[in-house]
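A.B. asks:
Numbering (the working numbering), first residue to last: 1 to 64.
#1: From the DSSP secondary-structure annotation, give me the bridge partner or partners of residue 46.
#2: Give the range of the beta strand (DSSP E) segment to which residue 37 is assigned.
#3: DSSP three-state call for residue 26: helix, strand or coil?
#4: Can you look up residue 16 in the DSSP assignment and give me helix, strand or coil?
#5: Is the region 28-45 touching the region 54-62 in the sense that three or more CB pairs, one from each, lie closer than 8 Å?
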């Protein structure tokens, strides 16, 4: 390709396209999955971001 002075080569990233001199973002937005609640009780152990089981700080042991 021969470019003369004044011509511009438009470069786009893989998640953007150039259409009618407008840059359009086509990157898919990841949806944040909400936890599925299957019980109204507070669990003793919960999983952290890494998948490790830890004691739930909100859990209160009651003596009935």
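Where is the CB? At the ideal position from N, CA and C, for every residue including glycine. None of these values were measured; they are calculated from a predicted model.
C.D. replies: Looking at the atomic coordinates:
#1: Here the question's residue 46 lines up with position 46 in the chain shown. According to DSSP, residue 46 bridges with 54.
#2: Start at 1 with the first residue of the chain shown, and residue 37 comes out as number 37. Note, residue 37: premise wrong, no beta strand (DSSP E); not H, not E.
#3: Counting from 1 along the chain shown, the entry for residue 26 is found at position 26. Here residue 26 sits in coil by DSSP.
#4: Counting from 1 along the chain shown, the entry for residue 16 is found at position 16. Strand at residue 16.
#5: yes
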